[in-house]
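Data block below; observations after.
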Ligand code: SF4
Ligand code: SF4
């Protein structure tokens with residue numbers, strides 16, 4: 025892992041992070057992001073947190089390509105296959121966050137392994153208590169694109185994420201923000217719910233979360249804004 029070299033590293037936990045069996049790993053140090061929203065959210069969950077480990081697993085394009093936002097009576101529901109694939113990946117991500125937690129606890133440090141299924145959500149605003157994608161972006165794993173997803177260099181937006189908070193001081197992987205989103209507008213044009221729009225100046229993306237959620241629930245699943253993105257898509261290679 026690249027990044028700044030801090031004074032003290034908790035070696036056992038660092039080793040556990042480097043041995044994680046996931047596709048992407050990054051670390052944000054709280055001392056590097058003092059007073060920003062990510063630090064505040066993390067400290068609300070674990071006041072003594074020193075590092076946040078962000079982990080990612082690739083969603084296979086084979087499953088994504090079978091998915092459709094429009095289910096038709098009398099045809100197989102391929103979205104279920106994507107859902108089960110994601111369930112498996114989320115299980116792997118939960119296990120990885122517990123691997124970091126286990127090493128932390130063994131070193132006598134407090135930790136909070138978050139679930140691969142996602143954090144608690146404030147239903148009034150559909151806002152997560154901590155944003156997995158924002159932490160992953162701060163850890164240098166990619167940048168948030170116009171589809172509101174983390175766009176990684178290797179897998180584009182085809183990733184599921186998870187976090188583990190720990191008192192361990194770990195090596196930061198933060199780096200200059202990447203620019204993986206090509207601003208091609210395809211995700212906006214193809215959103216079947218018209219939930220995405222071109223962002224205004226100063227915005228990264230413009231998503232109507234309520235329209236998206238309503239459509240996803242009514243249609244039995246939608247991943248179009250992920251599926252059509254050309255970044256790291258095998259269909260464009
Ligand atoms: S998941 Fe579907 S409805 Fe929601 S923003 Fe993406 S394309 Fe639009
Ligand atoms: S489809 Fe184009 S605009 Fe949308 S996230 Fe991907 S690269 Fe960015």
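Residue numbers (my numbering): 25 to 261.
Yeah, the Cβ is synthetic: ideal placement off N, Cα and C, and Gly gets one too.
task = On the DSSP bridge assignment, give the partners of residue 4 in chain order.
result = Because the chain spans 25 through 261 in this model, residue 4 falls outside it and cannot be assessed.
ask   = Taking buried to mean at least 16 other C-beta atoms within 10 Å of its own C-beta, is residue 213 buried or exposed?
value = Reading the chain shown from its first residue, position 189 is the one you call residue 213. Per the 10 Å Cβ criterion, exposed.
ask   = Is the number of C-beta pairs between the stretch 151 to 168 and the stretch 74 to 85 that are closer than 8 Å three or more?
value = Output reads yes: the stretch 74 to 85 touches the stretch 151 to 168.
message = Going by DSSP in three states, residue 94 sits in which element: helix, strand or coil?
response = Here residue 94 is taken as the residue at index 70 of the chain shown, counted from 1. In this structure, DSSP gives residue 94 a state outside helix and strand, which the three-state scheme calls coil.
task = For residue 158, verify whether its CB is less than 7 Å away from any heavy atom of ligand 2.
result = Counting from 1 along the chain shown, the entry for residue 158 is found at position 134. No, ligand 2 has no heavy atom inside 7 Å of this Cβ.
Residue 111 versus residue 139 - alpha carbon distance = As a first step, residue 111 is located in the chain shown; it is residue number 87 there, counting from the start. As a first step, residue 139 is located in the chain shown; it is residue number 115 there, counting from the start. Answer to the nearest angstrom: the Cα atoms are 12 Å apart.
ask   = In whole angstroms, what separates the C-alpha of residue 132 from that of residue 123?
value = Sequence index remark: in the chain shown, residue 132 carries index 108 (1-based). Sequence index remark: in the chain shown, residue 123 carries index 99 (1-based). In a straight line, the C-alpha of residue 132 is about 14 Å away from that of residue 123.
DSSP beta-bridge partners of residue 262 = Any property of residue 262 remains undetermined from this structure, which presents the chain solely from 25 to 261.
key: Cβ separation of residue 229 and residue 171, assumed to be a contact under 8 Å, to the nearest whole Å   = In the chain shown, the residue the question calls residue 229 occupies position 205. In the chain shown, the residue the question calls residue 171 occupies position 147. With 8 Å as the limit, residue 229 and residue 171 qualify as a contact, their Cβ atoms being about 7 Å apart.
request  = Write down the C-beta distance between residue 222 and residue 91 rounded to the nearest angstrom, noting that I regard them as a contact closer than 8 Å.
outcome  = Within the chain shown, numbered from 1, the residue matching residue 222 stands at position 198. Within the chain shown, numbered from 1, the residue matching residue 91 stands at position 67. Their Cβ separation, rounded to whole angstroms, is 25 Å, which puts residue 222 and residue 91 out of contact at 8 Å.
ask   = Can at least three beta-carbon pairs, one atom from the stretch 39 to 54 and one from the stretch 141 to 152, be found at a separation below 8 Å?
value = no
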